[in-house]
Amino acid sequence: MADLPRLAPSGVPAHALTVKVNGVYRLMCNYAPERGMVKNTRVLIRALGKRIITVRILRGIGGVSVVDPEDILISRISFTALLETGHTLVRRQFPLAPAYATTFNSCQGLTLDVVGVDLTRPVFSHGQLYTALSRIRHRSHARVRLRPGHTYTQNVTYHELLP
């Protein structure tokens, strides 16, 4: 039971969440789709309470992040995951995660100020690398990490799959 706080099943937030006013976070689930509060929506924390967090949606308009004028209240919700042991883990937490990192798929359609790409392991498909590097305003705002001693990454194409 002492290990429960360390369990981090997919789709379940961490046991402890540290948030701060004016911090940028992303939603971990579809919280209120009718209000635009869907998974991976970026929000700005406006105020903190014990049971409620006040946020505003951050929207990317013309390559600029714009804060919606409407305050939205977020409460804790229950996340459930089936563990390998057969037990069910229920964690009650705010559906937020820091928005300082994202996946290739989540950044499609966004314009980002700075992009850091870790290529120490190959990307799943060559389109992912393009997606990551095409999200920035200027190439000087990209940082790419390669394996030590390498100056490029391979774009593997299986010629036998091509017509």
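Take 1 as the starting number for the sequence shown in UniProt numbering and just add one per residue. Just so you know, even glycine gets a beta-carbon here, dropped at the ideal spot from N, CA and C. Because the structure is a prediction, the values reported are computed rather than measured.
Three-state class that DSSP yields for residue i in the structure shown
i, result
"R139", "helix"
"R91", "strand"
"L133", "helix"
"R46", "strand"
"P98", "strand"
"R147", "coil"
"residue 166", "Since the first residue shown for the chain is 1 and the last is 163, residue 166 is missing from the structure and cannot be characterised."
"G127", "helix"
Rounded C-alpha distance that separates residue i from residue j
i, j, result
"A97", "V21", "14 angstroms"
"T80", "L112", "32 angstroms"
"residue 173", "E34", "The structure shown has nothing for residue 173, since the chain only spans 1 to 163."
"T131", "G36", "24 angstroms"
"A32", "L17", "21 angstroms"
"R139", "L58", "24 angstroms"
"A142", "L129", "12 angstroms"
"E160", "G127", "19 angstroms"
"L133", "V114", "10 angstroms"
"Q93", "G149", "43 angstroms"
"L82", "A14", "15 angstroms"
Residue-level contact to chain C via CB, residue i, 9 angstroms cutoff
i, result
"P69", "Reference to chain C is not applicable here, since this structure consists of a single protein chain."
Spatially closest choice to residue i from the options, by CA coordinates
i, options, result
"A99", "Y31, V43, L48, I72", "V43"
"G116", "R145, T131, R26", "R145"
"R56", "E84, A142, R26", "R26"
"I77", "P122, H150, G11, G86", "G11"
"L119", "F94, R92, T151, P95", "T151"
"N30", "T85, E84, P95", "P95"
"A47", "R91, R147, V24, T88", "V24"
"R121", "V90, R135, T153, R91", "T153"
"G49", "V38, V19, M28", "V19"
Buried versus exposed call for residue i [16 or more other C-beta atoms within 10 Å across all chains shown]
i, result
"V67", "exposed"
"I45", "buried"
"T41", "buried"
"I53", "buried"
"P69", "exposed"
"R137", "exposed"
"R147", "exposed"
Residues bridged to residue i [DSSP beta-bridge criterion]
i, result
"T80", "V90"
"G116", "R143"
"T54", "A47, L73"
"V67", "L58"
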